[in-house]
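Input: a single structure, listed below in structure tokens.
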Amino acid sequence: MSKSQQVQQQSAFKQLYTELFNNGGDFGKVSNNLKKPLKCYVKESYPHFLVTDGYFFVTPYFTKEAVTEFHSKFPNVNIVDLHDKVIVINNWSLELRRVNSAEVFTSYANLEARLIVHSFKPNLQERLNPTRYPVNLYRDDEFKTTIQHFRHQALQQSLAKNLKQENIPDIAKVTGGDKKAKVDAGIVRASTSKGDEFSDFSFKEGNTATIRIQDIFVQEKGKDALSKLGGEGDVKVKGGARGKAKAASKSAKGKKVSAKKADVAAADVRKSVDKIVKYTPNKPSSRKETPQKSQSVPAAGKSSAKKTATGSKKTLPANPSPSGKKSTKTTDQMTMAQFKRYLEWHEKKKGGKTSSGGKVLGKRSAGKASATSGKASKASKRSAKK
Amino acid sequence: MSSAAKNQRSTSRVTKKKTTGPKDAAPKKAEKGSKYEYVELTKAQLTSVTAQHFYAVVIDATFPYKTNQERYICSLKIVDPSLYLKKEKGTGDNSDYATLVLYAKRFEDLPIIHRLGDIIRIHRATIRLYNGQRQFNANIFYSSSWALFSTDKKSALQEIGGQEATSDLVPFSHSGKNFTFQKNEAGIVQNIRKWAQQYFTQYSVISNDMFTALNKAQAQKGDFDVVAKILQIHELDEYTNELKLKDASGQVFYTLALKLKFPHLRTGEVVRIRSATYDETSTQKKVLLLSHYSNIVTFISTSKLAKELRGKITDDRAVEKAALKQDVSLSAVVLTEVDKKHAGLPAHSLHDLFHNADSDKELSSKDTFRTQFYVTKIEPSDVKEWVKAYDRKTKKVTSLKGSAAKGGDNIFQVSFLVKDASTQLNNNTYRVLLYTHDGLGANFFNGVKADNLHKNADARKKLEEYSELLTRFNSYVDAVVERRNGFYFIKDTRIVY
DNA sequence: GGGTTTTGGGG
Numbered sequence: 001m002s003k004s005q006q007v008q009q010q011s012a013f014k015q016l017y018t019e020l021f022n023n024g025g026d027f028g029k030v031s032n033n034l035k036k037p038l039k040c041y042v043k044e045s046y047p048h049f050l051v052t053d054g055y056f057f058v059t060p061y062f063t064k065e066a067v068t069e070f071h072s073k074f075p076n077v078n079i080v081d082l083h084d085k086v087i088v089i090n091n092w093s094l095e096l097r098r099v100n101s102a103e104v105f106t107s108y109a110n111l112e113a114r115l116i117v118h119s120f121k122p123n124l125q126e127r128l129n130p131t132r133y134p135v136n137l138y139r140d141d142e143f144k145t146t147i148q149h150f151r152h153q154a155l156q157q158s159l160a161k162n163l164k165q166e167n168i169p170d171i172a173k174v175t176g177g178d179k180k181a182k183v184d185a186g187i188v189r190a191s192t193s194k195g196d197e198f199s200d201f202s203f204k205e206g207n208t209a210t211i212r213i214q215d216i217f218v219q220e221k222g223k224d225a226l227s228k229l230g231g232e233g234d235v236k237v238k239g240g241a242r243g244k245a246k247a248a249s250k251s252a253k254g255k256k257v258s259a260k261k262a263d264v265a266a267a268d269v270r271k272s273v274d275k276i277v278k279y280t281p282n283k284p285s286s287r288k289e290t291p292q293k294s295q296s297v298p299a300a301g302k303s304s305a306k307k308t309a310t311g312s313k314k315t316l317p318a319n320p321s322p323s324g325k326k327s328t329k330t331t332d333q334m335t336m337a338q339f340k341r342y343l344e345w346h347e348k349k350k351g352g353k354t355s356s357g358g359k360v361l362g363k364r365s366a367g368k369a370s371a372t373s374g375k376a377s378k379a380s381k382r383s384a385k386k
Numbered sequence: 001m002s003s004a005a006k007n008q009r010s011t012s013r014v015t016k017k018k019t020t021g022p023k024d025a026a027p028k029k030a031e032k033g034s035k036y037e038y039v040e041l042t043k044a045q046l047t048s049v050t051a052q053h054f055y056a057v058v059i060d061a062t063f064p065y066k067t068n069q070e071r072y073i074c075s076l077k078i079v080d081p082s083l084y085l086k087k088e089k090g091t092g093d094n095s096d097y098a099t100l101v102l103y104a105k106r107f108e109d110l111p112i113i114h115r116l117g118d119i120i121r122i123h124r125a126t127i128r129l130y131n132g133q134r135q136f137n138a139n140i141f142y143s144s145s146w147a148l149f150s151t152d153k154k155s156a157l158q159e160i161g162g163q164e165a166t167s168d169l170v171p172f173s174h175s176g177k178n179f180t181f182q183k184n185e186a187g188i189v190q191n192i193r194k195w196a197q198q199y200f201t202q203y204s205v206i207s208n209d210m211f212t213a214l215n216k217a218q219a220q221k222g223d224f225d226v227v228a229k230i231l232q233i234h235e236l237d238e239y240t241n242e243l244k245l246k247d248a249s250g251q252v253f254y255t256l257a258l259k260l261k262f263p264h265l266r267t268g269e270v271v272r273i274r275s276a277t278y279d280e281t282s283t284q285k286k287v288l289l290l291s292h293y294s295n296i297v298t299f300i301s302t303s304k305l306a307k308e309l310r311g312k313i314t315d316d317r318a319v320e321k322a323a324l325k326q327d328v329s330l331s332a333v334v335l336t337e338v339d340k341k342h343a344g345l346p347a348h349s350l351h352d353l354f355h356n357a358d359s360d361k362e363l364s365s366k367d368t369f370r371t372q373f374y375v376t377k378i379e380p381s382d383v384k385e386w387v388k389a390y391d392r393k394t395k396k397v398t399s400l401k402g403s404a405a406k407g408g409d410n411i412f413q414v415s416f417l418v419k420d421a422s423t424q425l426n427n428n429t430y431r432v433l434l435y436t437h438d439g440l441g442a443n444f445f446n447g448v449k450a451d452n453l454h455k456n457a458d459a460r461k462k463l464e465e466y467s468e469l470l471t472r473f474n475s476y477v478d479a480v481v482e483r484r485n486g487f488y489f490i491k492d493t494r495i496v497y
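This is the structure:
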């Protein structure tokens, strides 16, 4: 029933996310050979955290454990300051969620395949090779079509189940020449589910609790870091649950997350590092805005690859944050324009709801994500974009 | 001195903000006649530090795009009677041109070019040599201004009713709040308009050195331009159209075009794409990626290039035929064709047909519509019951099951439960009927007539295949439906596979 | 300026 990809898909994200949809949203059915560490470039880190595989950008969703471990192992690195850096996601899983696509731009047709990150680390010295301009995976022609296919299957299954008794209009009833007859007689409810939106899906919706980047920001920069700078600390995040009112009430309940079924696959994610981003012959790249004593990359094809003991706890980034120590200044790594942008972003959000995924953050989430480290390998360079 | 002044921006675009708008399209300073002297592109003084004014014909343009927090840019290629053909030997009829770069603080202050061959008037532009080429710069955020005049009777947006109509000497869009026009400009506009028409009639304008053949797209390093015919416009979703393109090389490509950004595109038209890249991640179909500065433009009616391509490029449906051989295909297949006599019938979404038809004055006054949808289920599910015996007098239908001969005529009585982009997310499905008792839709199944399907195994088999084809993922129906008694009946529509 | 924003499905 799935398509035949005669040609190898070059984008790791597209292949992964597509497989999830083609397997009914069941991560356990996704090919195990794809469950390897993901090395990606952090395109943006605030107010949206986006990573790319060299072709597309997606939003990674960090579990509380992932954030805690990261801060523990890299005390002087802010997640929110990872913009333009490389990170390796060693433990992850994928899950399907129903969301409001009018508010979540990394979703389509009210569905979102989420990359749940259980463990990740930064590769501060690594530079990836220049790639094409990364675009939103959820705006890709084939991927959108794959999601439409997923919905099409769900709809047909629902119809087969709910419309067993057929009801065809009698010819006598449709030949009266009644100009006033209303057209709504032709509207047929697909399923008995409540609400106007189709929701008769059979997939098991994910419910892993993750931490919003805004909360990570506050955690790293201080609860009033924003208000001090003129913005408002009270920010609202779009997305998460469907429907605003619904989203609020839902999250309010604060349901617990079952840590067990959680990520069947999390454990399988190990193997060797996946070559997400194409490496290329390195060429020293220098970035303008981040004065970093970037080690010139070894000449070989793979490169600088600092294989920092990934799994070890001792590791301290050879080259911490730009300032050398954890920064609490919100302006770090930001140009005046960016700074202005995020202030505006917060400004715009204030007054909104506080919950995002509709789940509670506090409690530990699913899966005992055992951080498995792959060997960071094929490093490469990525010339800085302006 | 000035005439045809308007108080409101003549552009149909909505100005969202009301910040300090730019100056008038034609700042009025002196009260005397010829305040503005228009120069030919070739005469503009490269040494002059003074701003200059001119009229030119647009032959290429980026979409206005944002470059940073405070700037928007729109870059154009322009020509006029003094600059339009490369003079060097061996360049054939390659076009020569000057570039015009407009800068603004707001997106709304820049011109949107939907069609090549239209006329642009610029006030207060500076000129310099950039890469050995004449480049005009217009700072709309300061004192420069622009105005666009349609070369054809109507502008691209006016043709689709998306812009207020204007007369020949009034721009269909311009920067600033006001627009001024000197008496002596009438002749200038009419002259350059005539020149533009002849120029496009005699030359390709978009010469071969200005675009890449699609069969060479994959080999391109970066972005490139395209000139192709739109074979099909498939509504992928509420915001997006998927264009099926084919160029002179015969290669077919698909590309996503936002409805709001490109509202003027129509099937059958030839377009030029300014900046596209080959998508290496699309493995099921050939796809072109566009950027925010990419533009898709049509050509003025006299275009020789567009005319040649429209007649030369045809759709052999090869992509679809191959797609239908797969279990699941990511290529949308439109299974039907509607009678040519409905070519001009405007299309309406299912949402309009089933949720607005009785409330909207326009819709309720009509009874024939063009619409596209996909079939989720067909009733009766038993194909053998698609054809019934119909008694015209009693209007009763009877199953043809059984050996006893039934009286009356054999007719199709089938109900399609359909859906489309406008109703994609809701919990409804909509009934569209294929009832041939009055002749409507009699040819829908491409030659398969209504016969006793309990006996005619051949017809039954074909219809069972059509049943599968119609309800398979990514199969669409483009149909004309007629409203009768609140129901919609398919007519003048035929499956072509 | 033959380009890369967020308005993050005109920009």
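Sequence order for the protein chains is A and B.
Each residue of the first sequence is one higher than the one before, starting from 1 at the first, in full-length UniProt numbering.
Each residue of the second sequence is one higher than the one before, starting from 1 at the first, in full-length UniProt numbering.
Glycine included, each C-beta is placed from N, C-alpha and C at the ideal position.
Everything numeric in this text was worked out from a predicted model, so none of it was measured.
Please look up how many angstroms separate the CB atoms of residue i and residue j, rounded, as I've assumed it's under 8 Å.
{"i": "phenylalanine 211 (chain B)", "j": "lysine 304 (chain B)", "result": "At roughly 15 Å, the Cβ-Cβ gap does not stay under 8 Å, so phenylalanine 211 (chain B) and lysine 304 (chain B) are not in contact."}
{"i": "isoleucine 59 (chain B)", "j": "serine 34 (chain B)", "result": "Between serine 34 (chain B) and isoleucine 59 (chain B) the Cβ distance is about 28 Å, and since that is not below 8 Å, they are no contact."}
{"i": "residue 390 (chain A)", "j": "phenylalanine 13 (chain A)", "result": "Because chain A in this structure spans residues 1 to 386, residue 390 (chain A) falls outside the shown range and cannot be described."}
{"i": "phenylalanine 354 (chain B)", "j": "valine 174 (chain A)", "result": "Contact flag wrong, Cβ pair sits at about 15 Å."}
{"i": "leucine 115 (chain A)", "j": "arginine 98 (chain A)", "result": "Wrong, their Cβ atoms sit about 17 Å apart, outside the cutoff."}
{"i": "valine 252 (chain B)", "j": "arginine 272 (chain B)", "result": "Not really, about 17 Å apart at Cβ, beyond 8 Å."}
Cα separation between residue i and residue j?
{"i": "tyrosine 72 (chain B)", "j": "threonine 62 (chain B)", "result": "11 Å"}
{"i": "arginine 370 (chain B)", "j": "alanine 421 (chain B)", "result": "15 Å"}
{"i": "serine 155 (chain B)", "j": "proline 111 (chain B)", "result": "13 Å"}
{"i": "phenylalanine 143 (chain A)", "j": "leucine 41 (chain B)", "result": "47 Å"}
{"i": "valine 481 (chain B)", "j": "aspartate 339 (chain B)", "result": "12 Å"}
{"i": "valine 58 (chain A)", "j": "tyrosine 103 (chain B)", "result": "32 Å"}
{"i": "asparagine 123 (chain A)", "j": "tyrosine 497 (chain B)", "result": "55 Å"}
{"i": "glutamate 88 (chain B)", "j": "arginine 128 (chain B)", "result": "21 Å"}
{"i": "isoleucine 79 (chain A)", "j": "threonine 63 (chain A)", "result": "13 Å"}
{"i": "threonine 310 (chain A)", "j": "phenylalanine 49 (chain A)", "result": "Because the pLDDT of threonine 310 (chain A) is 26, which lies under 50, any placement of that residue in the model is unreliable, and the question is left without a value."}
{"i": "serine 365 (chain B)", "j": "aspartate 178 (chain A)", "result": "14 Å"}
{"i": "phenylalanine 224 (chain B)", "j": "lysine 177 (chain B)", "result": "36 Å"}
{"i": "lysine 377 (chain B)", "j": "valine 188 (chain A)", "result": "11 Å"}
Determine the DSSP secondary structure at residue i, reduced to helix, strand or coil.
{"i": "leucine 289 (chain B)", "result": "strand"}
{"i": "valine 99 (chain A)", "result": "coil"}
{"i": "histidine 53 (chain B)", "result": "strand"}
{"i": "tryptophan 195 (chain B)", "result": "helix"}
{"i": "histidine 83 (chain A)", "result": "coil"}
{"i": "valine 205 (chain B)", "result": "coil"}
{"i": "histidine 152 (chain A)", "result": "helix"}
{"i": "leucine 83 (chain B)", "result": "strand"}
{"i": "asparagine 241 (chain B)", "result": "strand"}
{"i": "lysine 306 (chain A)", "result": "Low local confidence applies: a pLDDT of 29 at lysine 306 (chain A) is under 50, so the model's placement there is unreliable, and no value is given."}
{"i": "arginine 128 (chain B)", "result": "strand"}
Any idea if residue i is buried or exposed, counting beta-carbon neighbours within 10 angstroms, 16 or more meaning buried?
{"i": "serine 31 (chain A)", "result": "exposed"}
{"i": "glutamine 190 (chain B)", "result": "exposed"}
{"i": "asparagine 100 (chain A)", "result": "buried"}
{"i": "glutamate 362 (chain B)", "result": "exposed"}
{"i": "glycine 402 (chain B)", "result": "exposed"}
{"i": "proline 346 (chain B)", "result": "exposed"}
{"i": "valine 49 (chain B)", "result": "exposed"}
{"i": "threonine 192 (chain A)", "result": "exposed"}
{"i": "asparagine 427 (chain B)", "result": "buried"}
{"i": "asparagine 90 (chain A)", "result": "buried"}
{"i": "aspartate 196 (chain A)", "result": "exposed"}
Exercise for the section: Please specify which runs of the beta strand (DSSP E), each continuous and at least 3 residues long, are wholly inside the region 270 to 322 of chain B, giving them in chain order. Expected result: 270 to 278, 287 to 289, 295 to 299
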